[in-house]
Each structure stands twice: as structure tokens, then as C-alpha cells.
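Asker: Have a look at this one.
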Amino acid sequence: MFGHGRRKTRTLPSASEPNGWYETLSTPPPAARPVVGSIACDWAIVGAGACGLAAARRLAELRHQDTVALIDASRIGHGASGRNAGFMLNHNTHGEIKDLEIERRNAALCAAGVDYLRRLVRENQIECQWSDWGRLYVAADDAGGTHLSELAGNYRRLDRTCSWVEPDRLRDMLGTAFYTRAIHAAGSALVQPAALMVGLGRTLPANVRVYEESPVLEISSGTPLRLTCARGEVLARNLILANSVFAEEMGVARWRVVPIATYASLTRPLRLEERSRLGSESEFGLLPVDPGGSTVRLTRDHRLLLRNSFSYGRAKRIEPGALDRAERRHRKALRRRWPDLGDVPFVSTWGGLLGFTRNDGTVFGRVADGIHAVISSDAGPVARGTAAGMLLAEQVCGVRSTLLDIMVSLPGAGLLPPDPVLRMVVNRRLRLIESECSE
Ligand SMILES: Cc1cc2nc3c(=O)[nH]c(=O)nc-3n(C[C@H](O)[C@H](O)[C@H](O)COP(=O)(O)OP(=O)(O)OC[C@H]3O[C@@H](n4cnc5c(N)ncnc54)[C@H](O)[C@@H]3O)c2cc1C
């Protein structure tokens, strides 16, 4: 997959794209330490999102004597892991379960990821608004109600419990009659994702050094491996690529993970009289059963978050105009749910990239001598990515576990057709999702 020689990255993450969670952190992070000069280490990890942070922590715990350099193009908390909707999902399912056994294994990984994060937040007292509120899958019409019944069936097949929330109770809880029915599922958490990632970055073991604002521009194979940044280089005996959809820039998982952009907006904190228009819950997290619907959160610091809209993300940039379109859709979604709150200003609208595979597959393990990769994709990616990062560190250190057996038993991400076919197929699917969505 990786090959010999030098790999130049053509596309890099943008450090200047907005991220409402990062912009509203209660304590802004101190200045970044970039890669300057020549740095030697035992392990280099490229990408400090959920996967990279978990891999760095576990590796450093297992190899006390080794030095780990965790390198990110931007700041910790600024990438996708710090710009998502903040659902740490112990399990997530939509539509019909294709393969029950695979679904069970994925659920085990997601649950392990949430448990690991919960423990780290508690032990390190990370202030990230962690809440075990769970999640509500919500329906807004009859079609949504049918999806909900399927979802409840999926839960039964997976031996998981969930409870129905009927319309009156739902209206009391949320202060809107927009939703017709819901299912509450426990076990997942809600967080301020940028605060979680920043907190995880700050509490890494002492043998991890974090380098930020240091895009890796080129990787040269050899002993040691050489990672070139703008103002310096990292010489590493081993390398873990945890840079999500950007890994294909380095020749890993090419045409196996579809980069998709999705968008979110965050309001200013609601005033007391505005909060009284919402229902009895002091916070909530709503996931649409309709894939084209809106994810909605009321945060612990009284902000509303809306997430909807997808676009094909091959350029790995948020395209001009996309944020204006997304903001309009978020505003419309807010007005339809809470007309009285429809004009509460957004403090930020942003987009971010996530990866999908065609078969719920994984990118996990060795890709060349001394080089390993982990990409988080599909359902519950932060939780499953955290588990995958942690397990990759265990695999490279020779630690065996049932969870690692589960991870390696999952199918690898299937090959996709290249562009322009992929672009056409994805755009057609996204248009269909939007046209079928009544929300
Ligand atoms: C709006 C939105 C809402 C979402 N909601 C949820 C949700 O509620 N729950 C959930 O589980 N998932 C959600 N997701 C998806 C989830 O955030 C991502 O799938 C997940 O965070 C990916 O984690 P990661 O560690 O694989 O990658 P990332 O978090 O993307 O980390 C990869 C890192 O690699 C760095 N990098 C890339 N190239 C280079 C390079 N050349 N040199 C150095 N560094 C590099 C990047 O800067 C980045 O920080 C959402 C995503 C978005 C955009």
C-alpha cells in the first residue's frame, strides 16, 4: 500500500476554517509548539484527533522508555474530533442491519471507546461538559415513525434496551411539538468536543511530546523514517498515520474512504426567558432517524447546536458558499422546531470532514515496515476511533485482547470506484437523502 521512496502530501487540512466549539472554549489553549529543527523519536504519530490521541496515550503507557511525537497540522481540538456534534456513541445504527455479527462487534468497540473516554475524563478531571444523558432518536412524521420502529427492532436484535418516548412527554421534555415520537437510548455521552480533545492532549503521559501547527509535507521511507515539516523534520523509528481522510495523501487507503463534509451551527447561550421556551430538560441530544434530518443539541452552557447537510469532500476543503448554505438550513431547522427561538443568533457555522466506507470497513494495522495506520469512519466514529487508536497501540506492542481480536476481525474498507464515478454516485445519494427528508 505505502511503497518505498518519498510521499509528498498534495492537500493539507486548513487551519483557518471556523470551529464554533473551539472558538467558545472557556480557556483558550496556550501557544502551539511547532516542529522546528530536527527531532528524533521512537514513534511519530501524524494526526491528533480521537484516533491519534488514543494511540499516543496507550503507546506511551505501554512503552515507558520510548519517546512519542504526536504531530498535527492544526491545533488539537480544531480538527474533526473537536468540531463534531459531541455524541460519544456507544452504538449507532440506521436502517436495516446488514450483518448482525459485524454490528455487534462494532457496538462492542464503540462501547469500549466511550468507557475509555469516560474514565479518562473522570481520572484527569477534564472539563468538557461530559454528560451521560444518552441520546434520543427523534421522528417528525409517519415515515420517521416507521424508521423508529425499525431502530427499536435493531436494538432488540442486538440485545440492547431502549425506551419509547410518547408525544406528550416529548413535548414536555423539549418544548416543541415538531417531533412526533422518539426512542431514548442510554450509554452514550454528550460533550463539548473541542474541550474534550484539548483536555486529552493536555493530560498525555510525559513521554509524549505534542507538536501542533506542523503539517507533515512529506514522508521518506528508510531507517529512520523522515517526516518533513515547514520548519523542521521528525526522524522516527516507527510511524502511525492517524490523519483520517488525509492519509490517502500519503498513499494509504486510496479510494477506500469517502470524504464527506457535514456542517454545524452553534448559538450564543440562550437567555433565561429563551430557555423557558424549551422543555423540562436542562440539556439534550437528538439524532434524526432520517439520515437527511438535523442533529440537535442543547448544551450544558445553554447553547443550541444544529447539524445537517452533507457534501462530497474530495477537495478536503470546505467549498466557498457551503457555509452560507448550511447556515440557512440550520436557521430553517431551528425555526421549524422552536419558532420563538428562530432568530437567536449563531456565533459560528462550520464544516468538517468525516470518512465513510462502502462496507462499514476499517483501515487498521500495518501498512509497510514500521508504518501503521488507523482511520475512523462510519457509525460512531469518535468512540470507535478512540478504541481503534488504543488497540493499534496494543497491537504494535504485542498486547493481546478480546477487543483487539474483534477489531482485526472486521472487514477492511472495500475498494471504491475512483472519480468521476465516485463523485457522481455520492452526489446522487446525497441528493436522494435531501429530497426524501421532510424535516
Ligand atoms: C459537523 C460534524 C459532526 C459530527 N458529529 C459526530 C458525532 O456527534 N459523533 C461522532 O462520533 N462523530 C461525529 N462526527 C465525525 C467525527 O468527528 C470524525 O469522524 C472523527 O472525529 C474522526 O477522528 P480521527 O481521529 O480519525 O480524525 P480527525 O479528528 O480528523 O484527526 C485527524 C487529524 O490529522 C491532522 N492531519 C491531517 N493531515 C495531516 C498532515 N499532513 N500533517 C499533520 N497532521 C495532519 C488533522 O489536522 C486532524 O487534526 C462529526 C463530524 C462533523 C464534521
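386 is the number that my numbering gives to position 372 of the sequence shown; each next residue is one higher, with no gaps. In this text, a Cβ means the ideal position worked out from N, Cα and C, and glycines have one as well.
1. Please confirm whether Ala267 and Ala62 have their CB atoms less than 9 Å apart.
2. Please indicate yes or no: does the CB of Val60 lie closer than 8 Å to some heavy atom of ligand 1?
3. For the stretch 36-62, list the beta strand (DSSP E) runs that are entirely contained and at least 3 residues long, ordered along the chain.
4. Roughly how many angstroms lie between the CA atoms of Trp144 and Arg20, to the nearest whole one?
5. I need the boundaries of the alpha helix (DSSP H) containing Asn120, first residue and last residue.
6. Applying the 10 Å Cβ sphere with the 16-neighbour rule, what's the burial state of Ala220?
7. Measure from the alpha carbon of Leu292 to the alpha carbon of each residue in Ser449, Val248, Arg185, Val135, then state which is nearest.
8. In the stretch 246-271, which residue ranges form an unbroken beta strand (DSSP E) of at least 3 residues, counting only runs that do not cross its ends?
9. Ignoring anything shorter than 4 residues, give me the alpha helix (DSSP H) runs that lie fully in the stretch 410-450, in order along the chain.
10. Just confirm the distance between the C-beta atoms of Val49 and Ile85, as a whole number of angstroms; I'd bet it's less than 8 Å.
11. Can you name the residues that DSSP bridges to Tyr151?
12. Which stretch, first to last residue, makes up the beta strand (DSSP E) that contains Glu232?
13. Going by alpha carbons, who is nearest to Gly426 out of Ala64, Ser390, Thr23?
14. So, does the stretch 308-328 touch the stretch 338-348, judging by three or more C-beta pairs under 8 Å?
15. Any heavy atom of ligand 1 inside 8 Å of the beta-carbon of Trp364?
16. Quick check: the Cα distance between Met9 and Ile90, rounded to an integer number of angstroms?
17. By how many angstroms is the C-alpha of Thr25 removed from the C-alpha of Glu263?
18. Would you kindly work out how many angstroms separate the C-alpha atoms of Phe378 and Trp147, rounded to a whole number?
19. Which parts of the stretch 184-229 are runs of the alpha helix (DSSP H), unbroken and 4 residues or longer, counting only runs that do not cross its ends?
20. Can you tell me which of the three DSSP states His161 falls into?
21. Could you please give me the residues that DSSP links to Arg380 through a beta bridge?
22. Which one of Gly100, Asp392, Ala393 has the shortest CA to CA distance from Arg311?
23. Expressed to the nearest angstrom, what Euclidean distance is found between the alpha-carbon atoms of Tyr130 and Arg71?
24. Per DSSP, which residues does Ala64 bridge with? Please list them.
25. At what residues does the alpha helix (DSSP H) containing Arg22 begin and finish?
26. Just checking Cys142 against ligand 1 - is the residue's beta carbon closer than 8 Å to any of the ligand's heavy atoms?
27. Which stretch, first to last residue, makes up the alpha helix (DSSP H) that contains Arg351?
28. Express the C-alpha separation of Leu114 and Tyr225 in angstroms, rounding to a whole number.
29. State yes or no: is the C-beta of Thr237 within less than 9 Å of the C-beta of Gly384?
30. Leaving aside the five residues before and after Glu450 along the sequence, list all residues of the same chain whose C-beta is less than 7 Å from its C-beta, in chain order.
31. Is it buried or exposed for Glu180, if we count other Cβ within 10 angstroms and need 16 for buried?
32. So is the beta-carbon of Ile85 under 8 Å away from any non-hydrogen atom of ligand 1?
33. Let's see if you can read the secondary structure: which residues bound the beta strand (DSSP E) around Leu320?
34. How big is the Cα-Cα spacing for Thr175 and Tyr169?
35. Is Ser40 close to ligand 1? I mean its beta-carbon at under 8 Å from any heavy atom of the ligand.
36. Take Val248 and list the residues in its own chain whose beta-carbon comes closer than 7 Å to its own, dropping the five residues that flank it on each side.
Answerer: So, from the data block:
1. Translated into positions along the sequence shown, residue 267 becomes position 253. Translated into positions along the sequence shown, residue 62 becomes position 48. Cβ atoms of Ala267 and Ala62: not closer than 9 Å.
2. Working through the sequence shown from its first residue, we reach residue 60 at position 46. Checking the Cβ of Val60 against ligand 1 gives yes.
3. 51-60
4. Within the sequence shown, numbered from 1, the residue matching residue 144 stands at position 130. Within the sequence shown, numbered from 1, the residue matching residue 20 stands at position 6. Pairing Trp144 with Arg20, the inter-Cα distance amounts to about 42 Å.
5. Counting from 1 along the sequence shown, the entry for residue 120 is found at position 106. Here the alpha helix (DSSP H) through Asn120 covers 114-137.
6. Residue mapping note: residue 220 aligns to position 206 of the sequence shown, counting from 1. By the neighbour-count rule (16 or more Cβ atoms within 10 Å), Ala220 is not buried but exposed.
7. By one-based count along the sequence shown, residue 292 stands at place 278. Nearest option by C-alpha distance: Arg185.
8. 246-255
9. Here the runs fully enclosed are 416-423, 435-450.
10. Numbered from its first residue, the sequence shown carries residue 49 at position 35. Numbered from its first residue, the sequence shown carries residue 85 at position 71. Yes, Val49 and Ile85 are in contact; Cβ-Cβ is about 6 Å, under 8 Å.
11. Mapped onto the sequence shown, residue 151 falls at position 137. Ile197, Leu301.
12. Within the sequence shown, residue 232 is the residue found at index 218, counting from 1. Counting along the chain, the beta strand (DSSP E) containing Glu232 begins and ends at 232-234.
13. Position 412 of the sequence shown, counted from the first residue, corresponds to residue 426. Here the closest residue by C-alpha is Ser390.
14. yes
15. If you number the sequence shown from 1, residue 364 lands on position 350. The answer is yes for Trp364.
16. Residue numbering for the chain in the displayed model covers 15 to 453; residue 9 lies beyond these limits and cannot be assessed.
17. As a first step, residue 263 is located in the sequence shown; it is residue number 249 there, counting from the start. As a first step, residue 25 is located in the sequence shown; it is residue number 11 there, counting from the start. Roughly 7 Å between the two C-alpha positions.
18. Against the sequence shown, residue 378 aligns to sequence position 364. Against the sequence shown, residue 147 aligns to sequence position 133. Computed Cα separation, rounded: 31 Å.
19. 207-216
20. As a position in the sequence shown, residue 161 is number 147, starting the count at 1. If DSSP states are grouped into helix, strand and coil, His161 belongs with the helices.
21. By 1-based counting over the sequence shown, the position of residue 380 is 366. For Arg380, which the question treats as bridged, DSSP gives the partners His386.
22. In the sequence shown, the residue the question calls residue 311 occupies position 297. Comparing Cα-Cα distances from Arg311 to each of Gly100, Asp392, Ala393, the minimum goes to Gly100.
23. On the sequence shown, residue 130 is found 116 positions in, with the first residue counted as 1. On the sequence shown, residue 71 is found 57 positions in, with the first residue counted as 1. Rounded to the nearest angstrom, the two C-alpha atoms are 11 Å apart.
24. In the sequence shown, counting from the first residue as 1, residue 64 sits at position 50. According to DSSP, Ala64 bridges with nothing at all.
25. Counting from one through the sequence shown, the residue named residue 22 turns up at place 8. The question names Arg, yet the displayed sequence has Lys at residue 22. Taken as a continuous stretch (DSSP letters only), Lys22 belongs to no alpha helix (DSSP H), being part of the beta strand (DSSP E) at 20-22.
26. For the purposes of this step, residue 142 is identified with residue 128 of the sequence shown, where counting begins at 1. No, the Cβ of Cys142 stays beyond 8 Å of every heavy atom of ligand 1.
27. By one-based count along the sequence shown, residue 351 stands at place 337. Boundaries of the alpha helix (DSSP H) around Arg351: 336-351.
28. Looking up residue 225 in the sequence shown gives position 211. Looking up residue 114 in the sequence shown gives position 100. Near 41 Å, if we compare the C-alpha coordinates of Leu114 and Tyr225.
29. In the sequence shown, residue 237 corresponds to position 223, counting from 1. In the sequence shown, residue 384 corresponds to position 370, counting from 1. In contact: Thr237 and Gly384 (Cβ atoms closer than 9 Å).
30. Within the sequence shown, numbered from 1, the residue matching residue 450 stands at position 436. Same-chain partners within the cutoff: Gly306.
31. The residue labelled residue 180 in the question sits at position 166 within the sequence shown. Label assigned to Glu180: exposed.
32. Your numbering for residue 85 matches position 71 in the sequence shown. Within the cutoff, so yes.
33. The sequence position of residue 320 within the sequence shown is 306, counting from 1. That run of the beta strand (DSSP E) goes 318-326.
34. The residue labelled residue 175 in the question sits at position 161 within the sequence shown. The residue labelled residue 169 in the question sits at position 155 within the sequence shown. Whole-angstrom Cα-Cα distance: 6 Å.
35. Looking up residue 40 in the sequence shown gives position 26. No; taking the cut-off as 8 Å, the Cβ of Ser40 has no heavy atom of ligand 1 nearer than that.
36. The residue you call residue 248 lines up with position 234 of the sequence shown. Excluding residues within five positions, the ones whose Cβ falls inside 7 Å are Val49, Ile53, Cys55, Ala58, Ala83, Ile85, Leu241.
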